[in-house]
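*Asks:* Under the working numbering, residue 392 is the last one in the sequence shown; the count climbs by one each step, no gaps.
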Amino acid sequence: MTVADQVFGYYMPTVNLMGPGSVKEVGEQAKGLGATKALIVTDAGLNKMGVADQVKEIIEGAGLQAVIFDGAQPNPTDLNVEAGLKVLQKENCDLIVSLGGGSAHDCAKGIGIVAGNGGNIRDYEGINKSTKPMTPLIAINTTAGTASEMTRFCIITNTETHVKMAIVDWRCTATVSINDPVLMIKKPAALTAATGMDALTHAVEAYMSTIATPVTDSAALMAIKLIAENLRTAVANGENFEARNNMAYAQFLGGMAFNNASLGYVHAMAHQLGGFYDLPHGVCNAILLPHVERFNLISNPKRLADIAVAMGENIEGLSVRDAADKALDAIVKLSEDIGIPKGLTELGVKEEDLSIMADNAMKDACSFTNPRKATKEDVINIFKNAL
Ligand SMILES: [Fe+2]
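1) Tell me whether D369, by its Cβ, gets closer than 6 Å to a heavy atom of ligand 1.
2) Please determine whether the Cβ atom of D283 lies at a distance below 6 Å from any heavy atom of ligand 1.
3) Secondary structure at S360, three-state DSSP: helix, strand or coil?
4) Look at D1 and H286 and say whether their C-beta atoms are less than 7 Å apart.
5) Who does Q70 pair with in a DSSP beta bridge?
6) Beta-carbon separation of V60 and I45 under 7 Å?
7) Starting from the N-terminal side, write out each stretch of the alpha helix (DSSP H) that is 4 residues or longer and does not extend beyond the stretch 176-235.
8) Relative to the C-alpha of V241, which candidate in G201, K307 and K347 has its C-alpha closest?
9) Taking only the alpha-carbon atoms, compute the straight-line gap between M213 and I312 and give it to the nearest angstrom.
10) Cutting at 6 Å between CB atoms, please list the residues of its own chain near N122, excluding the five before and the five after it.
11) Which runs of the beta strand (DSSP E) at least 3 residues long sit entirely within the stretch 40-128? Give them in chain order.
12) Using only the alpha-carbon positions, how far apart do A49 and Q78 sit?
13) For Y16 and H276, what's the separation of their Cα atoms in angstroms?
14) For K29, which of helix, strand or coil comes out of DSSP?
15) If R249 and P186 are in contact, beta carbons under 8 Å, what's the gap, nearest whole angstrom?
16) Find out if the Cβ-Cβ distance for the pair A370, V168 is shorter than 7 Å.
17) In terms of residue numbering, what span does the alpha helix (DSSP H) encompassing K394 cover?
18) Would you decide whether Q11 is buried or exposed? Buried here means 16 or more other CB atoms lie within 10 Å of its CB.
19) Determine contact between the stretch 351-364 and the stretch 144-153, defined as no fewer than three beta-carbon pairs at a distance below 8 Å.
20) Any contact between the stretch 291-300 and the stretch 265-282? By contact I mean 3 or more CB pairs, one from each, below 8 Å.
21) Only counting runs of 4 or more residues, tell me where the alpha helix (DSSP H) segments fall wholly within the stretch 245-297, in order along the chain.
22) What is the rounded straight-line gap between the Cα of V102 and the Cα of A113?
23) Can you tell me where the beta strand (DSSP E) with A144 in it begins and where it stops?
24) Exposed or buried, which one is D330 when buried takes at least 16 other CB atoms within 10 Å?
25) If you draw a straight line from the C-alpha of I385 to the C-alpha of A379, how long is it?
26) Quick check on DSSP: helix, strand or coil for K389?
27) Relative to the alpha-carbon of T47, which residue among A35, N85, L22 and S27 has its alpha-carbon at the smallest distance?
28) Tell me whether D111, by its Cβ, gets closer than 6 Å to a heavy atom of ligand 1.
29) In whole angstroms, what is the alpha-carbon distance linking G37 and K230?
30) Measure the C-alpha to C-alpha separation of S340 and L205 and round it to an integer number of angstroms.
31) Taking just the CA atoms, how far does N133 sit from A43?
32) Since A9 contacts L100 with CB under 8 Å, what's their CB separation in whole angstroms?
33) Excluding the 5 residues flanking A239 on each side, which residues of the same chain have their C-beta closer than 7 Å to its C-beta?
34) Keeping to the same chain, check which residues put their C-beta closer than 7 Å to that of V92; ignore five residues upstream and five downstream.
35) Go through its chain and collect everything with a Cβ distance to I190's Cβ below 8 Å, but skip five positions before and after it.
36) From D83 to L142, what does the alpha carbon distance come to, in whole angstroms?
Below, the structure is given as structure tokens:
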């Protein structure tokens with residue numbers, strides 16, 4: 006099947022604010038949505054640093070009330086969603102404002118979906134399972150990044166099965182997304198590295214996806230270029246404002262690409278590592294990315310050659326096959342330069358768990374658009390290569 010014989014949808018938030026100082030607009034945006042009381046969903050760290058209070062003040066300054074729920078954990082769970090929903094209902098909030106990286110936004114989306122539709126967040130695993138609008142959401146992003154502030158993906162860990170549920174639903178898209186690089190300045194180097202590699206993985210998987218379109222391709226290639234040019238600098242010196250601003254745009258572009266072209270086996274497999282061992286998403290992606298794309302190489306070497314060019318590699322005089330290799334080398338080099346662990350063993354991943362994780366990866370919604378079809382054996386081999 007090609008682009009010419011399929012119908013494609015394109016999804017993103019209605020309003021998207023970028024650039025320094027954009028967080029100050031949150032109050033007016035909340036007022037514009039007709040809300041009276043906001044539930045600020047964040048994590049304990051940002052709350053302790055006083056960032057949630059700053060956002061609360063801005064919202065109150067616009068004449069609304071606001072309460073803070075800081076129970077969004079890294080790899081947020083169904084229990085986090087339940088706890089946040091209780092606060093939203095008890096406080097009669099008619100708006101959710103998420104503040105953080107992926108975890109806060111995903112937790113907020115989960116709360117909003119269940120508030121609007123009833124039941125338990127586990128009922129919404131899969132594609133477009135909700136039938137009613139969720140509580141309106143303004144998502145303020147603080148990392149670059151998952152792009153969860155602007156996507157329709159909501160990843161919640163099922164605490165019974167330890168599987169990360171992929172809830173892919175256009176109704177859980179934020180109405181307003183805010184990317185203010187000022188909020189990203191203080192992030193530690195290791196977090197900058199991991200989240201930056203997550204953004205790179207979004208762009209690469211979207212570009213390699215079986216449902217990529219010219220629209221998603223343009224976003225993906227620009228994201229890859231900006232990450233190759235700015236991630237090292239952002240890791241080396243977090244206060245380099247230009248690098249931070251460019252990374253904010255890059256992660257947003259990566260989101261524009263994968264929100265519509267979806268992803269592939271890097272994410273399908275990383276979700277299992279996150280659910281099973283509670284490992285950081287970006288680091289899992291970074292380690293798996295070159296191994297999955299080496300497996301994907303024969304499906305579309307021309308696209309990998311394009312990625313090599315976007316990453317600044319010189320492919321002049323090379324065959325397409327050799328140029329594709331350059332992309333894999335460039336990804337490994339970037340990971341090494343910014344201090345990403347070399348393999349999954351360093352993270353405590355055990356060979357005896359690979360079989361069950363391979364089974365679950367093959368069921369993960371992200372695997373469906375991977376350009377090369379994989380058997381369970383293939384997935385286990387990719388995991389082994391990444392150990
Ligand atoms: Fe991701």
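Cβ atoms here follow ideal geometry from the backbone N, Cα and C, with glycine treated the same way.
*Replies:* On the basis of the coordinates in this document:
1) no
2) no
3) helix
4) Residue 1 is absent from the structure shown; the chain starts at 6 and stops at 392.
5) K42
6) yes
7) 194-213
8) The identity of residue 241 in the sequence shown is Ala, whereas the question assumes Val. It is G201.
9) 9 Å
10) S135 and K137
11) 42-46, 70-74 and 100-105
12) 8 Å
13) 22 Å
14) helix
15) 4 Å
16) no
17) Any property of residue 394 remains undetermined from this structure, which presents the chain solely from 6 to 392.
18) exposed
19) no
20) yes
21) 246-266 and 270-282
22) 8 Å
23) L142 to N146
24) buried
25) 10 Å
26) helix
27) N85
28) no
29) 36 Å
30) 11 Å
31) 25 Å
32) That belief does not hold up - the Cβ atoms of A9 and L100 are roughly 42 Å apart, past 8 Å.
33) T197, G201, N245, A248, R249 and M252
34) L44, V72 and F74
35) G243, E244, F246 and R249
36) 19 Å
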